[in-house]
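Engineer: Below are the structure tokens for one structure; questions will follow.
Residue numbers (the UniProt record's numbering): 1 to 575.
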């Protein structure tokens, strides 16, 4: 009788993969040979670890802080990083940078090629010229003069004191040299510097291991440079503390290929330090280091001339002065004043309550948009730089040269003045007297007095005046840029032509703006337009201007005024 085959014993840990790992799902599975069960881990058992600095790249949370300076000074933001660099001849630096691009540092605002004070050959030791490598003197005086010009450097020659005197460095270089000679070490912590590269000491003259990176026809050792100009190619930070034989094979191949091209070539692997100063770090990095952990960093601001307009959250208010000074310091000289909006716009003049946090006290500025200049006082008028793209869309894509534009809520004239550069004529109106005053100044400032007529009255009264007067140009385009209430003023167009005795009048095209928080903002805004006109308007073109807040869109609805609405017997009062 045949022996039955042995039973196959299955072990769960050999079949199932290991599932015991910490994941964001908060579920921890433990597998046992006899039982399988799950336990849930709570947030108290596993607290959220603090955010870790990025593993690569520049960051204030990486590197070594620079010591020896007061912590309140901007130099406290200095960070030092250890790097490796290739010292190569200046003539071969450009080609090597192209071929080694993927292995270089490639940090923002830091050049991969660095220059040192002695990289032009002033402080390098020359090798004694061997008989084999020495060349005879040029045979002619012209050739000798050209050879002298090629070999001449800023230090001059002892044999030619007059030429040495003529080759004195510039005044700034002389002052730096004098400062070093007076016993003071030249400091690298200067406010106008963004970063600096320093080469670490490589050892004594007898340290042969430090110079094994030198290859090529010039030989090995410090004297291999023979006074020729050199540059530093900053390698990726992953190559720091490495030796030549530990470099990637791709780097070795490129260097060997350059050495075999013919002609003298040498390279040297040196260890250096890269120090990034306060001026290097962007605004968000500095704010992240200054603000408490967990606070959302202010992402940006609106620029109105030289004014930075912030919309700070409630959690930012205790640190509003600190945030404002960082914004001002990081955006000089363009930004000279930093303000914060205290409350939402709640008045008919669309003015904002602003608090000056840093910089000059004046809120009067000059804005340049599409080659036009606008004088603005944010304390008394409204301006929104984020709508510049929408304004240019109207002027460039919709308005024609023969159009007559009626700007019902013109403000200081960003749409009216931009349109006047292209269209036939513009009628501009605003309820705010201060805005009308700046509108008239901006018209003169841009030399458009003959193409714009200004009004200061209520919107409904203004529209009625345009269609009841016999001395105005027929309006072809109507702009109603008051997103909060513009749709409510559409009722003025109902029956606007019922008393006109003239012949056929072309219906204007209306561009009305509004906000919507509905799931379908286009449908919601269209229904509000139909309700205001007491009619079902067809052919409405909807355009999403911008997302004002999460779930809140600013829309532009463009449609031709229906003739049935314009000639209706019921006006906006009785509808």
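C-beta: ideal position from N, C-alpha, C; glycine also.
(1) Look at the Cβ atom of residue 543, then the Cβ atom of residue 555, and state whether they are nearer than 8 Å.
(2) Does the beta-carbon distance from residue 311 to residue 341 come in below 8 Å?
(3) Hey, would you say residue 408 sits closer than 8 Å to residue 459, going by beta carbons?
(4) Closest to residue 511 by C-alpha separation, out of 472, 199, 493, would be which residue?
(5) Could you tell me whether the Cβ atoms of residue 467 and residue 439 are closer together than 8 Å?
(6) Can you tell me the Cα-Cα spacing of residue 585 and residue 443, whole angstroms?
(7) In chain order, which alpha helix (DSSP H) runs of at least 4 residues are fully inside the segment 342-424?
(8) For residue 464, which three-state DSSP category applies?
(9) When the Cα atoms are used, what is the spatial distance from residue 269 to residue 374?
(10) Does the contact criterion of 3 or more C-beta pairs under 8 Å hold for the segment 90-106 versus the segment 247-254?
(11) How many Å lie between residue 346 and residue 352 at the Cα?
(12) Residue 82 lies in the beta strand (DSSP E); which residues open and close that run?
(13) Within a Cβ cutoff of 6 Å, which residues of the same chain sit near residue 327, ignoring the five residues on either side of it in sequence?
(14) With a Cβ-Cβ cutoff of 8 Å, do residue 452 and residue 434 count as a contact?
(15) Rounded to whole angstroms, how far is the Cβ of residue 280 from the Cβ of residue 196, which I believe are closer than 8 Å?
(16) Helix, strand or coil for residue 441 per DSSP?
(17) For residue 517, name the three-state secondary structure that DSSP assigns.
(18) Rounded to whole angstroms, what's the CA-CA distance from residue 115 to residue 240? Just pull it up for me.
(19) Can you give the Cα-Cα distance for residue 81 and residue 109, rounded to whole angstroms?
(20) Quick one: Cα of residue 296 to Cα of residue 56, how far?
(21) What distance in whole Å lies between the Cβ atoms of residue 234 and residue 397, which are believed to be in contact at a cut-off of 8 Å?
(22) In or out: residue 563 buried (at least 16 other Cβ within 10 Å) or exposed?
(23) With a 10 Å radius around its C-beta and 16 neighbouring C-beta atoms as the bar for buried, classify residue 450 as buried or exposed.
(24) What does residue 453 pair with, by DSSP beta-bridge criteria?
(25) Is the beta carbon of residue 448 closer than 8 Å to that of residue 420?
(26) Quick check: what's the CA-CA separation for residue 513 versus residue 481?
(27) Closer than 7 Å: is that where the CB of residue 486 sits relative to any heavy atom of the ligand COA?
(28) Suppose the cutoff is 6 Å on Cβ atoms and the five residues either side in sequence are ignored; what does the same chain contact list for residue 568 look like?
(29) Please return the same chain residues whose Cβ sits closer than 7 Å to the Cβ of residue 521, not counting the five positions on each side in sequence.
(30) Does chain B have any CB closer than 8 Å to the CB of residue 363?
(31) Whose C-alpha, out of 424, 414, 389, is nearest the C-alpha of residue 402?
(32) State the Cα-Cα distance for the pair residue 117 and residue 267, rounded to the nearest angstrom.
Structural biologist: Let's see:
(1) Residue numbering aside, residue 543 sits at position 543 when the chain shown is read from its first letter. Residue numbering aside, residue 555 sits at position 555 when the chain shown is read from its first letter. Yes, these two residues count as a Cβ contact at 8 Å.
(2) The residue labelled residue 311 in the question sits at position 311 within the chain shown. The residue labelled residue 341 in the question sits at position 341 within the chain shown. In this structure, residue 341 lies closer than 8 Å to residue 311 by Cβ.
(3) Locating residue 408 in the chain shown gives position 408, counting from the first residue. Locating residue 459 in the chain shown gives position 459, counting from the first residue. Contact: yes.
(4) Position 511 of the chain shown, counting from 1, holds the residue named residue 511. It is 493 whose Cα lies nearest to the Cα of residue 511.
(5) Indexing the chain shown from 1 puts residue 467 at position 467. Indexing the chain shown from 1 puts residue 439 at position 439. Not closer than 8 Å, so no.
(6) Missing from the structure shown is residue 585; the chain here goes from 1 to 575 and no further.
(7) Those alpha helix (DSSP H) runs which fall completely within the segment 342-424 and span 4+ residues are 388-393, 414-420.
(8) What you label residue 464 is simply residue 464 of the chain shown in a count that begins at 1. Correct three-state label for residue 464: helix.
(9) Against the chain shown, residue 269 aligns to sequence position 269. Against the chain shown, residue 374 aligns to sequence position 374. Their backbone Cα atoms lie some 57 Å apart in a straight line.
(10) yes
(11) Your numbering for residue 346 matches position 346 in the chain shown. Your numbering for residue 352 matches position 352 in the chain shown. The straight-line gap from Cα to Cα measures roughly 8 Å.
(12) Residue numbering aside, residue 82 sits at position 82 when the chain shown is read from its first letter. 79-89 is the span of the beta strand (DSSP E), which, as asked, contains residue 82.
(13) Residue numbering aside, residue 327 sits at position 327 when the chain shown is read from its first letter. For residue 327, where only same-chain residues beyond five positions count, the Cβ hits under 6 Å are 308, 338.
(14) What you label residue 452 is simply residue 452 of the chain shown in a count that begins at 1. What you label residue 434 is simply residue 434 of the chain shown in a count that begins at 1. No, the pair does not count as a contact, with Cβ atoms beyond the cut-off.
(15) If you number the chain shown from 1, residue 280 lands on position 280. If you number the chain shown from 1, residue 196 lands on position 196. So it is not a contact: roughly 10 Å between Cβ atoms.
(16) As a working note, residue 441 is residue 441 in the chain shown. Helix at residue 441.
(17) What you label residue 517 is simply residue 517 of the chain shown in a count that begins at 1. Three-state result, residue 517: coil.
(18) One-based indexing of the chain shown puts residue 115 at position 115. One-based indexing of the chain shown puts residue 240 at position 240. Approximately 19 Å, taken between the alpha carbons.
(19) In the chain shown, the residue the question calls residue 81 occupies position 81. In the chain shown, the residue the question calls residue 109 occupies position 109. If I take the Cα positions, the gap works out to 15 Å.
(20) Within the chain shown, numbered from 1, the residue matching residue 296 stands at position 296. Within the chain shown, numbered from 1, the residue matching residue 56 stands at position 56. When rounded, the distance between both Cα atoms is 23 Å.
(21) As a first step, residue 397 must be located in the chain shown, where it is residue number 397. As a first step, residue 234 must be located in the chain shown, where it is residue number 234. Contact doesn't hold; Cβ gap of about 47 Å is too wide.
(22) Translated into the one-based positions of the chain shown, residue 563 becomes position 563. That one is exposed.
(23) Against the chain shown, residue 450 aligns to sequence position 450. Using a 10 angstroms sphere on the CB of residue 450, the tally of other CB atoms stays under 16, which defines it as exposed.
(24) The residue labelled residue 453 in the question sits at position 453 within the chain shown. Residue 453 pairs with 427.
(25) As a position in the chain shown, residue 420 is number 420, starting the count at 1. As a position in the chain shown, residue 448 is number 448, starting the count at 1. Yes, Cβ-Cβ distance for residue 420 and residue 448 is below 8 Å.
(26) Translated into positions along the chain shown, residue 513 becomes position 513. Translated into positions along the chain shown, residue 481 becomes position 481. Approximately 5 Å between the Cα atoms of the pair.
(27) In the structure shown, the ligand COA is absent, as is every other ligand, since no ligand is present at all.
(28) Working through the chain shown from its first residue, we reach residue 568 at position 568. Excluding sequence positions up to five before and after residue 568, its CB lies within less than 6 Å of the CB of 494, 495, all in the same chain and listed in chain order.
(29) In the chain shown, counting from the first residue as 1, residue 521 sits at position 521. These residues qualify, in order along the chain: 553, 555.
(30) You won't find chain B in this structure, because it holds only one protein chain.
(31) Working through the chain shown from its first residue, we reach residue 402 at position 402. The option with the nearest alpha carbon to residue 402 is 424.
(32) Counting from 1 along the chain shown, the entry for residue 117 is found at position 117. Counting from 1 along the chain shown, the entry for residue 267 is found at position 267. About 18 Å.
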